[in-house]
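Residues 1 to 588 (full-length UniProt numbering) are what the sequence shown spells out, left to right. Cβ coordinates follow ideal geometry from the N, Cα and C atoms, glycine included. Data first, discussion second: the structure below is written as structure tokens.
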Amino acid sequence: MDSRHSTHGITRRNTEPNINTYLFGAENATRVEQLAQIDREIMRSEDGIVKLVLQRAFLKRRRNSLFPAVNLPNELLALIFEFACLPICTEFDDEYGDGISYSPGEEALGLSIGMGAVTPVFLGSICSRWRHVVQGASQLWSNLVVHVNNRYAEDQAFLLQSWLTRSAARPLSIRVIEDDSGGQDSGEDWGIDVTPRCIIDILVAHSHQWHIIDFFLPSSWSHALSRVKHNLPVLTKATLRLAENSPSMARINAFALAPQLREVRLVGYSTSNVVLPYAQLHSLHEEYFAIQGCLDALHLCDDLRVCQFEQVYRGSQPVFARPVRHDMLESLELLIDDSRELDALFGAMTLPNLTELVLSLSDEGFLLDPLIPLIQRSKCRLQTVHLVGFTPPEHKLLNFLREVPMLRVLMLINPVAQLGSKLTQRLLKLLDLETTQQAAGDQGALRHEENVQKAGLVPLLERLEYQGAIEFTSHQFAEFLAGRWRTGKAPADQVPDPPHPSSTPRISLPPASSIPWSFVTGSPPGSPHHFASESRPQTPISSTRVQLRSVTFTTPKKIKFDSEDAKVVLSMMQEGLHLELLADPNAD
């Protein structure tokens, strides 16, 4: 066969094709005719490419359809989508959410579920089958965060209506955030409320499904919210915020009739300008409060169990502080910046059922001065105390600890270690129960409060966390840990038979390789001390017998043990003691 004929019309690699292959009779054609013919050939080639791409896509879909993962039942696929629509963190529990940056698929026209969660709108855009599954899975549409924006409010409203319709009759968790990225550009028009009403109109139509809400409240929404007053059958938790970029509603009474409402958070509002079913509330969190408002809230909320107040208004001391006795309150959290406010507040309170107290003070005052009279007057059994502020003087701290014999969790956090007092060896000795508890007899006697008071300082302490300066050596600290740990163990003749694994859970003992060695001085991994505790037989420790089980100390200089103390500490850690020793990054 003639090679010249066998290769005719076939383009070799790295060589340009012969133009005559595509142009027929072009020798006598004009320039314009040649251009037109070339353009036609280009279009024909592009059409061929498109056909090949479509054919390739068809074959890929056909191949993918043969894999089991693509043929999952719709119910299982919907369950997978539920995990895809779970945010990394619950945004309703975070701060207001300014400056949130979403990844692709996590936001559609200002509508989202939260950080790290793709929207069902995005899932439905993948393919027709996914769209069918998503539209039929109402659980994917029951959580929603709306960033209200004037620029595309109408488009948001259209998508919002579709979103809520697909939620069927499920209870809704909705957060509405004031997004000013497309709103007013000048502060001169701040007095004019231009917040779009189409968003709230659609939300109000579904108020019978509101379960958890977090709304900012511009004045323009007042009329729409008036329609929900008798239509909140499943609302259990509400956060109400002042609007930041427009005038807010001065008085709110839309939520006065919510039979299931139990938790309320007020940001910028107070109990005096928000009408709520206070008598049925179990939890109240109020930001920017006045001292009198705090006392009024306790008077109003007869069934309150958890109460949190932060950022007190300065100069708001009550003229006549009406005393309040609250028999139901179990947890009280106060974050204020002036210790002078505490005397007026605590002096009017009597809280006999208080078990948890969180107190944060940012000025140079000490936290315990007004606190001890409250405990003595209330005769409460505090079990958890979290104090943030300057470390109190040792004698005041000792007096406080004597008043709380039932304490199980103690957290003393001093953000500025250079200021305030120090934790001393004397305090560690008084906290060491190895000698004082011998007079209390059997460990089981500690169940009675009168015996607990005789057993030394906080004999039931299970968790101790401290940040600040110290005035003791690492050896003294190791002795303290060993004393509290040995005291918490049951005597050898009282250790019960090991329970059946299916009946009682046991503390899992970490392997020696998982124990941090950064707190040991002179015992690197691989040395004899490194494996000294591995050959020792481990005795299961019942969680009801161990007392001090978790210790965290953050000091200006990290505590480090010598090799002998390290062996003792490591042995306790293998038995279940959780120990963290950290260096304060803010210390000089």
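Complete runs of the beta strand (DSSP E) confined to the segment 361–428 [at least 3 residues]: 384–388 and 409–413
Assigned secondary structure, N71 (DSSP; H/G/I helix, E/B strand, else coil): helix
The alpha helix (DSSP H) enclosing A297, as first and last residue numbers: Membership of A297 in the alpha helix (DSSP H) is indicated by the continuous run I291 to L300.
Best match in Q376, D369 and F309 for proximity to V358 [C-alpha to C-alpha]: F309
Limits of the alpha helix (DSSP H) - the one that residue 592 falls within: Look at the range of the chain in this structure, 1 to 588, and you will see that residue 592 is not part of it.
Under 8 Å between C-beta atoms of I199 and L160: yes
Simplified DSSP state of D343, which is helix, strand or coil: Helix.
Endpoints, alpha helix (DSSP H) assigned at C198: C198 to V204
Whole-number beta carbon distance between E356 and residue 591, since they are thought to touch under 8 Å: The chain is shown only over 1 to 588; residue 591 falls outside these bounds and no answer can be derived.
Pick from W221, V234, R197 and D39 that is closest to Q209, judged by C-alpha positions: Q209 has its Cα closest to that of V234, out of W221, V234, R197 and D39.
Supposed contact pair L261 and residue 673 - C-beta distance, whole angstroms, cut 8 Å: No information on residue 673 is available, as it lies outside the stretch 1 to 588 that the chain covers here.
Burial state of L72 (16 or more Cβ within 10 Å): Under this definition L72 is an exposed residue.
Any 3 or more C-beta pairs closer than 8 Å across the segment 558–569 and the segment 468–483: yes
Residues that DSSP places opposite R265 in a beta bridge: T239 and H285
E286 beta carbon less than 8 Å from that of S272: no
P393 vs A469 beta-carbon contact at 8 Å: No.
Under the three-state DSSP convention, the category V118 falls into: coil
Beta-bridge partners of residue 589, as assigned by DSSP: The requested residue 589 does not occur in the structure, where the chain is confined to residues 1 to 588.
Secondary structure of I88, DSSP reduced to three states: In the structure shown, I88 sits in coil (DSSP, three-state: anything other than H, G, I, E or B).
Straight-line Cα distance separating L217 from H223: Per the coordinates, the alpha-carbon of H223 lies some 11 Å from the alpha-carbon of L217.
Endpoints, alpha helix (DSSP H) assigned at S128: Segment S128 to G136, the alpha helix (DSSP H) holding S128.
Residues of its chain near D493, where Cβ-Cβ distance is below 7 Å and the 5 sequence neighbours each way are ignored: Here the model assigns D493 a pLDDT of 42, short of 50, so the residue's position is not dependable and the matter cannot be decided.
W210 - partner residues in DSSP beta bridges: L172
Sequence-distant residues of the same chain with beta carbon closer than 7 Å to V274, five excluded per side: L240, I252 and L266
Presumed contact (8 Å Cβ cut-off) between F400 and I372, rounded CB distance: 6 Å
Spatial distance of L397 from L374 (CA atoms): The alpha-carbon of L397 is positioned some 15 Å away from that of L374.
Simplified DSSP state of Q476, which is helix, strand or coil: In the three-state reduction of the DSSP assignment, Q476 falls in the helix class.
Whole-angstrom distance between S112 and S173, CA atom to CA atom: 12 Å
Selected residue, minimal CA-CA separation from V458, among A417, V385, T473 and V121: Among A417, V385, T473 and V121, the Cα nearest to that of V458 belongs to V385.
Given 8 Å, three or more beta-carbon pairs between the segment 108–123 and the segment 51–59: no
Through-space distance from M349 to E465, alpha-carbon basis: 27 Å
Assigned secondary structure, T165 (DSSP; H/G/I helix, E/B strand, else coil): Annotated three-state conformation of T165 is helix, per DSSP.
For F553, three-class secondary structure by DSSP: Here DSSP, grouped into helix, strand and coil, assigns F553 to strand.
Helix, strand or coil at Q547 [DSSP, three-state]: coil
For I470: DSSP bridge partner residues: Note: I470 sits in a beta bridge opposite L423.
Inter-residue CB distance, V148 and E178 (contact presumed, cutoff 8 Å): With a Cβ gap of about 6 Å, V148 and E178 count as contacting.
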